[in-house]
Structure formats: C-alpha cells, structure tokens
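Here the structure is laid out as structure tokens; the discussion comes afterwards.
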Amino acid sequence: EPLRAFYPAEEYHRRYFERNPGQGYCQFVIAPKLAKLRHQYTDRLRRPPA
Numbered sequence: 002e003p004l005r006a007f008y009p010a011e012e013y014h015r016r017y018f019e020r021n022p023g024q025g026y027c028q029f030v031i032a033p034k035l036a037k038l039r040h041q042y043t044d045r046l047r048r049p050p051a
C-alpha cells in the first residue's frame, strides 16, 4: 500500500548522529552500522573532498 502522508522530521531529529556522536545510541547502534556500510560499499561511496 502506498504511503499516504509524509511528515518531515522535527529539526532536533535531523542530522542527529552528526550533532550527537557521543550519545550511547549513536556509539553502539549507528556508528557500527555506518562502519559496516562503509566497509561493504567502499567502491560505491563518494570520496570526501580533498
């Protein structure tokens, strides 16, 4: 079934990981997932600007 409505996240939820890297959830849930993603898809990810 198609999504009927979309509600953008509140400002305090946006870019949560970047703003709160020291929070437990970020350290133990998000960071390991990002590390795995970066490892598995290294060849497909954009390189940061030099």
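The sequence shown begins at 2 in my numbering and counts up one residue at a time.
Positions of the beta carbon are idealized from the N, C-alpha and C atoms, including for glycine.
As a quick exercise: from D44, E12 and L35, pick the residue whose alpha carbon is nearest that of P22.
For the purposes of this step, residue 22 is identified with residue 21 of the sequence shown, where counting begins at 1. Checking every option, the nearest Cα to that of P22 belongs to L35.
DSSP on G23, reduced to helix/strand/coil?
Position 22 of the sequence shown, counting from 1, holds the residue named residue 23. Residue state for G23 is assigned as coil, using DSSP reduced to three classes.
Segment limits, alpha helix (DSSP H) that includes H40
As a first step, residue 40 must be located in the sequence shown, where it is residue number 39. Taken as a continuous stretch (DSSP letters only), the alpha helix (DSSP H) holding H40 covers A32 to Q41.
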